[in-house]
Each structure stands twice: as C-alpha cells, then as structure tokens.
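Read top to bottom, the protein sequences are chains A and B. Residues in the first sequence are numbered from 0 upward in steps of one, following numbering that gives the first Met the number 0. Residues in the second sequence are numbered from 0 upward in steps of one, following numbering that gives the first Met the number 0. For glycine and all other residues, C-beta sits at the position ideal for the given N, C-alpha and C. Computed from a predicted model, the values in this text were never measured in an experiment. Each remark here refers to the structure printed beneath this line.
There are 2 protein chains.
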Amino acid sequence: MPKSSNRDKILTEGLRVVHERGFAGASVRDIVQAAGVPQGSFTNHFASKEAFGLEIIDLYFAASWALIQKTLRNDELPPLQRLGAYLDANTERLSPAGMRHGCLFGNFSAEASEHSEAIRRRIVEIFAQVQQSIAYCLEAAVRAGELPAGFECGEAADFVLTSLQGALLLAKAQRSSAPVERLKRVLFSKVLN
Amino acid sequence: MPKSSNRDKILTEGLRVVHERGFAGASVRDIVQAAGVPQGSFTNHFASKEAFGLEIIDLYFAASWALIQKTLRNDELPPLQRLGAYLDANTERLSPAGMRHGCLFGNFSAEASEHSEAIRRRIVEIFAQVQQSIAYCLEAAVRAGELPAGFECGEAADFVLTSLQGALLLAKAQRSSAPVERLKRVLFSKVLN
Numbered sequence: 000m001p002k003s004s005n006r007d008k009i010l011t012e013g014l015r016v017v018h019e020r021g022f023a024g025a026s027v028r029d030i031v032q033a034a035g036v037p038q039g040s041f042t043n044h045f046a047s048k049e050a051f052g053l054e055i056i057d058l059y060f061a062a063s064w065a066l067i068q069k070t071l072r073n074d075e076l077p078p079l080q081r082l083g084a085y086l087d088a089n090t091e092r093l094s095p096a097g098m099r100h101g102c103l104f105g106n107f108s109a110e111a112s113e114h115s116e117a118i119r120r121r122i123v124e125i126f127a128q129v130q131q132s133i134a135y136c137l138e139a140a141v142r143a144g145e146l147p148a149g150f151e152c153g154e155a156a157d158f159v160l161t162s163l164q165g166a167l168l169l170a171k172a173q174r175s176s177a178p179v180e181r182l183k184r185v186l187f188s189k190v191l192n
Numbered sequence: 000m001p002k003s004s005n006r007d008k009i010l011t012e013g014l015r016v017v018h019e020r021g022f023a024g025a026s027v028r029d030i031v032q033a034a035g036v037p038q039g040s041f042t043n044h045f046a047s048k049e050a051f052g053l054e055i056i057d058l059y060f061a062a063s064w065a066l067i068q069k070t071l072r073n074d075e076l077p078p079l080q081r082l083g084a085y086l087d088a089n090t091e092r093l094s095p096a097g098m099r100h101g102c103l104f105g106n107f108s109a110e111a112s113e114h115s116e117a118i119r120r121r122i123v124e125i126f127a128q129v130q131q132s133i134a135y136c137l138e139a140a141v142r143a144g145e146l147p148a149g150f151e152c153g154e155a156a157d158f159v160l161t162s163l164q165g166a167l168l169l170a171k172a173q174r175s176s177a178p179v180e181r182l183k184r185v186l187f188s189k190v191l192n
C-alpha cells in the first residue's frame, strides 16, 4: 500500500481528535501531533483551520452518506425497516466510544456555528440532505402502505432528524445509547402511523 | 444600588461570552475583557476555568428553574397548557439572539463533556431535573384527564427533553425557531394523546 500523505494523515487523525475534543478544543498543535507530522505541514496543506474544518466535515459526511445509501435510500428493503436500520446504524457508529463523542454535525452546530459562517452553512446543507433522505424513505413507506396516504413526510422527516440529533446529544452527555433506543420506540409507536 | 463586585461581573459577562462563543472558544482573557476587570481577578475568584464553568451553569440554571416554576410546575394552569408554555418560553429566551446561541446545557454537552467530568455530571443532573419537571406536568395531565390513564409519563418526559434539545440545536444551526414550533405541533398531535 502506498504511504499515506501528510495531508491524509492530518485529515484522518485530525477528524478523530476534533470528534473527541471539539473544534475549538483541538488546537492545530494537537492535530499535527496526533498525525505525527511537522507543524508546518498543516499550513502547507490548509489555508486555515476553517478550511481544514470544512474538509473533515466532508470526510465524516462521506461515511454518513454511505450509511444512508445502505439504509434510508436502499430500495431493496421495506421502507420503515430502513429507517429503523438507519437509527441503529447511528448508534453502532458511536457506540465503540460509549456514545461519548456524539454526532460530529451536532457538535459543530453547538460550538462552531458562531465562529465560522462557512461551517454553519455546510452543516445546514448536510442536515437538509439527511432530512431529504428520511423524507424519501417515508414517501416510500406511504407508497408501500406502511404509512397512511396523506402522511406529512416532509414535516415528519424534519422531526426525525431533529429528535435524532437531540438523542445523540443526550447520549453523549449520559454516555448511553438509551436516548436513541427510546427515540426509536416513540417514533414507531406514536409518530410513524 | 451597590456596585457589583468583580466576581459578579465575571460571572454575568462570562456567562454571556461562553453562551455566545462556547466554553473552549471563550478564553479567560475574553472573559475578563468582557467583564472589564484585570486578568488577575479571574484567578483570585475561581480556582480554575472548570470551577468558573460550574458556576455559570448554576447561574443559567437558576433562570431555567424560574421558568420551570412558572410553567411546568405551575399548578394554577391546565397541565398540557403548561408544557406548551414551557416550550414557548425556551424559544422566547433564545429568540432575542435569533436562536443562534442555543441552550447552554446542550452546548456544554456537545463540547465540554469530554473535557470535564464534573461539568458533564452537573449537566446530566440538570437534564434529570428538567425531565422530572416535565414528568410532573404529564402526571398532572393524566390526573386531569388530559392524557389517558396508563400514559407512560417518564418515558414521554425523557422524549420531550431529548427532542427539545435537538430542536434547540437545529434552531441554533438554522437560526430559526421553526424546529421548536414543529416539535410542539408533532408532540401535541401525535405523542401526547
């Protein structure tokens, strides 16, 4: 395998460090130390910490999007089963660290939306893409008769996105997946019918 | 009126600065500058930034608790009306800044729970007190016949707390109160019946 470039190392290790410590909480020095590259390497490869932030957001979203393709947008599976699988996949992604790191997009919303307008706009775009994928899945559920005709898929998709962000935030504080499991129970018993 | 002490100025202005910029994003220098006091004043009054963080959390929670007493725990009003008033009061509290600062407890969950175990524990305690207050209100709704006998008040209260945190987080990113208004619609039409 080819040796990974310093730029790749900074992105991969930098994403991990920012996910663990927060964007403001992870200094450029922390990032280059974790990547095992010289400090100057960061400024060679990134115009600013904001530019680096936008790249790690895209890197994290690439994995999120793969997960969405396998679940919400997977036309091979029954629609509501896909939504359940999507919620489970969010838990599985974060559970190796005991849920303590939370969703990177939620973390950026909480701490970086005031520092960088470019980051805030990118996070809002990503949330819109997730919401559209949930709506896509709910519309399929209506067509399949799993939800009643006239079900408001757009509003429900916004609600699922928002409540999942809340559940991942509480899961991070409590270091427990219980909030996501509860969300799943309430959604399927009360909201999605 | 007595002149406010440097300690009070640091707490009041420090809370504002941390709420705007995040806990890691607000340096001790930013805080003393906002308070208009000498840098040494901070170390005179607080053993650490963590100790200061715990005090501003209590200061913010005092206002949250007053709001809970006026709404969720106000036995003079019909129970579900109190819950609606509580959701509205959260929006009103944050709307002067266009929702951009979010809930201080959610912000601390996202960014500081990894940096300070004492802060994380305090935030978890506060969430539990809010959850108990929502459950108190829902139990009153069951007694008043506004919710069916056997309604699972504890689980629903956890869900309301979690979803409200999500709505305030999305409201912060989107700079709009729409997520909280949507939460209110979905809760009252689907979950609380």
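Pull out every residue of the region 92-117 of chain B whose Cβ sits closer than 7 Å to any Cβ of chain A, in chain order. Within the region 92-117 of chain B, the qualifying residues are R99, G101, G105, N106, S108, A109, E110, S112, E113 and H114.
Could you spell out where the alpha helix (DSSP H) holding A:F104 opens and where it closes? Counting along the chain, the alpha helix (DSSP H) containing A:F104 begins and ends at L103 to E110.
Would you identify the three-state DSSP class for B:A25, choosing helix, strand or coil? Coil, per DSSP.
Taking DSSP as the reference, what is the three-state secondary structure of B:S47? The DSSP-derived three-state label of B:S47 is coil.
When the cut-off is 8 Å and only beta carbons count, does A:K189 lie next to chain B? Closer than 8 Å to some Cβ of chain B, the Cβ of A:K189 qualifies, so yes.
Rounded to the nearest angstrom, what separates B:V36 and B:A23 at their Cα positions? In this structure, the alpha-carbon of B:V36 lies about 20 Å from that of B:A23.
Rounding to the nearest angstrom, what Cα-Cα distance links A:V141 and A:Q131 in this structure? So the alpha carbons of these two residues sit roughly 15 Å apart.
Three-state secondary structure assigned by DSSP to B:P78: Assignment of B:P78 by DSSP, reduced to helix, strand and coil, places it in the helix class.
Reducing DSSP to helix, strand and coil, say where B:H18 ends up. In the three-state DSSP reduction, B:H18 falls in the helix class (H, G or I).
Any beta carbon of chain A sitting closer than 8 Å to that of B:T161? Output row for B:T161: interface = yes.
Specify whether the region 3-16 of chain B and the region 172-180 of chain A touch according to this definition: at least 3 beta carbon pairs, one from each stretch, less than 8 Å apart. No, the region 3-16 of chain B does not touch the region 172-180 of chain A.
Leaving out five residues before and five after B:A34 in sequence, what residues of the same chain have Cβ atoms less than 6 Å from its Cβ? Take B:A34, set aside five residues on each side of it, and the residues of its chain with a beta-carbon closer than 6 Å to its own are K8, I9 and E12, in chain order.
When burial is assigned at 16 or more other CB atoms within 10 Å of the CB, is A:D157 buried or exposed? It is buried - the Cβ of A:D157 has at least 16 other Cβ atoms within 10 Å.
The region 119-134 of chain A contacting the region 146-166 of chain A, beta-carbon criterion three pairs below 8 Å: Below 8 Å, enough C-beta pairs join the region 119-134 of chain A and the region 146-166 of chain A to call them touching: three or more.
If the cut-off is 7 Å on Cβ atoms, which residues from the region 62-81 of chain A count as contacting chain B, listed in chain order? Answer set for the region 62-81 of chain A: empty.
For A:T70, which three-state DSSP category applies? In this structure, A:T70 counts as coil in the three-state DSSP scheme.
If we count Cβ pairs, one from each stretch, closer than 8 Å, do we get three or more for the region 138-152 of chain A versus the region 69-85 of chain A? The region 138-152 of chain A makes contact with the region 69-85 of chain A, as at least three CB pairs between them are under 8 Å.
Establish whether the CB of A:F60 and some CB of chain B are separated by less than 8 Å. No - not a single Cβ of chain B is within 8 Å of the one on A:F60.
For A:N89 and B:S3, what's the separation of their Cα atoms in angstroms? Using only the alpha carbons, I get a separation of about 48 Å.
Considering Cα atoms alone, identify which of B:G153, B:Y59, B:K69 and B:E113 is closest to B:E83. The residue you asked about is not Glu; residue 83 of chain B is Gly in the sequence shown. If you compare the alpha carbons of B:G153, B:Y59, B:K69 and B:E113 with that of B:G83, the shortest gap goes to B:K69.
Within chain B, the residues that A:I122 reaches when beta carbons sit closer than 8 Å: A172, listed in chain order.
First and last residue of the alpha helix (DSSP H) that includes B:E116? DSSP places B:E116 in the uninterrupted alpha helix (DSSP H) bounded by E116 to R142.
Let me confirm a value: B:N106 is counted as buried when at least 16 other C-beta atoms fall within 10 Å, else exposed. Which label applies? B:N106 should be labelled buried.
Assign B:G21 to buried or exposed, taking buried as 16 or more other Cβ atoms, counted over all protein chains shown, within 10 Å of its Cβ. By the neighbour-count rule (16 or more Cβ atoms within 10 Å), B:G21 is buried.
Which class does B:G52 belong to by DSSP, given the choice of helix, strand or coil? Correct three-state label for B:G52: helix.
Using CA atoms only, rank isn't needed, just tell me which of B:G39, B:N192, B:L53 and B:A134 is closest to B:E154. In terms of CA proximity to B:E154, B:A134 leads the group B:G39, B:N192, B:L53 and B:A134.
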